[in-house]
Amino acid sequence: MAEKTILTVDMYDNVLTEKANDFAGKVSITGTIHNTDIADRIVKARTEYRQETILNILGMADDIKVEAIAEGKSVVDGVGQWLLNFSGPLGGESPIFNSDLHKFGVTFTPGKALLKALKLLVPNFRVAKTGPVINGFTDSKTKSVNQILTPNAPGVINGAGLLLKGDDPSVGVYFTPDGADKTPVKVDLIVSNTTSQIIIQIPALPDGQYLLSITTQAGASYTLVKEPRTYQYPILLSVGSQPGGGEDDRPVIE
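First residue of the sequence shown? That's 1 in the UniProt record's numbering, and the numbers climb one at a time after it.
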């Protein structure tokens, strides 16, 4: 029998209902891996190929898949199936494309191996510590959700317990470059600040991928807690075009 995998699922109060002891669950993300990490794992599995060779092949495969998807082809790999979709209203038989209304996206369907792996997951439920929770980020200029950062443009953070409050110097909104030992960039301008939504001006970030986080001392009923609490959103947000070789391996999924 295949070995089960235990994953922690944090339980948060369900703000959409008034029922007592009604929770919503979020999987506790254990980290992020890139093609370099995948290549390292392949090497550790006793292969005759060098890490650099594997990484180059993975990057080439990513480039070819992206090209094929952008050509309108359905791409099937060991993880699942990828194909383009289109959204937005179309008026008449000869509509005009409007980037503010129309958008291409990607539909992902899990493959057989991934579906099998999902069946082997066992949740370890735990009540999450009270604190901020980020549910999504919208780039106001591009209207992109959980994908793009436009430097110096407005950005909207949605969630629960987001209110920025407290005198600790760490209180604020941060963008941390992806990778080990990177220095977080603190947001200078907070336009709007409530428990469910924060509007910011995105800093002048250089091209790359970033993790969004919030630190606050706000507690229940607008009280203050002694120790600051931090929540890091696990989805990587991108500024500009990414370098080749498969570095930006996070799909845009509709």
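The C-beta atom is built at its ideal place from N, Cα and C for all residues, glycine as well.
Here DSSP, grouped into helix, strand and coil, assigns Arg41 to helix. Here DSSP, grouped into helix, strand and coil, assigns Val66 to helix. Closest in C-alpha terms to Gly240, from the list Leu149, Tyr174 and Ser28, comes Leu149. If you check the CB distance, Gly131 and Gly161 come in under 8 Å. When DSSP reads this structure, Pro177 sits in a beta bridge with Tyr210. In this structure Ile6 is exposed. Its beta-carbon is surrounded by fewer than 16 other beta-carbon atoms within 10 angstroms. Rounded to whole angstroms, the gap between the alpha carbons of Ala20 and Ala220 is 16 Å. Beta-bridge analysis with DSSP links Arg229 to Thr216. Around the C-beta of Asn124, fewer than 16 other C-beta atoms lie within 10 Å, and the residue is accordingly described as exposed. Here DSSP, grouped into helix, strand and coil, assigns Gly59 to helix. Burial state of Ser238 is buried, judged by a 10 Å Cβ sphere holding 16 or more other Cβ atoms. Phe175 and Gly92 have their C-alpha atoms some 43 Å from each other. Apart from the 5 residues on each side of it in sequence, Val187 sits with its Cβ closer than 8 Å to the Cβ of Gly172, Val173, Tyr174, Phe175, Ile200, Gln201, Ile202 and Pro203 in its chain, given in chain order. Counting only the Cα atoms, Gln217 lies some 6 Å from Leu224. For Gly105, the beta-bridge partners assigned by DSSP are Asn85. Cβ-Cβ distances below 7 Å link Ile134 to Ile157, Gly159, Leu212, Ile214, Tyr231 and Tyr233 in the same chain, with the five nearest sequence neighbours on each side left out; the list follows chain order.
Each of Ala117, Asp13 and Leu236 was checked against the Cα of Gly179, and the nearest Cα belongs to Leu236. Residue nearest to Asn85 within the set Phe104, Phe108, Val76 and Gly78 is Phe104 (criterion: CA-CA distance). The residue among Arg50, Thr17, Val127 and Val145 with its C-alpha nearest the C-alpha of Met11 is Val127. Beta-carbon to beta-carbon, Asp181 and Pro228 are separated by about 21 Å, too far to satisfy the 8 Å threshold. Excluding residues up to 5 positions away in sequence, Ala39, Asp40 and Val43 lie with their Cβ nearer than 7 Å to the Cβ of Gln51 in the same chain. For Ala160, the pairing in a beta bridge is given by DSSP as Val133.
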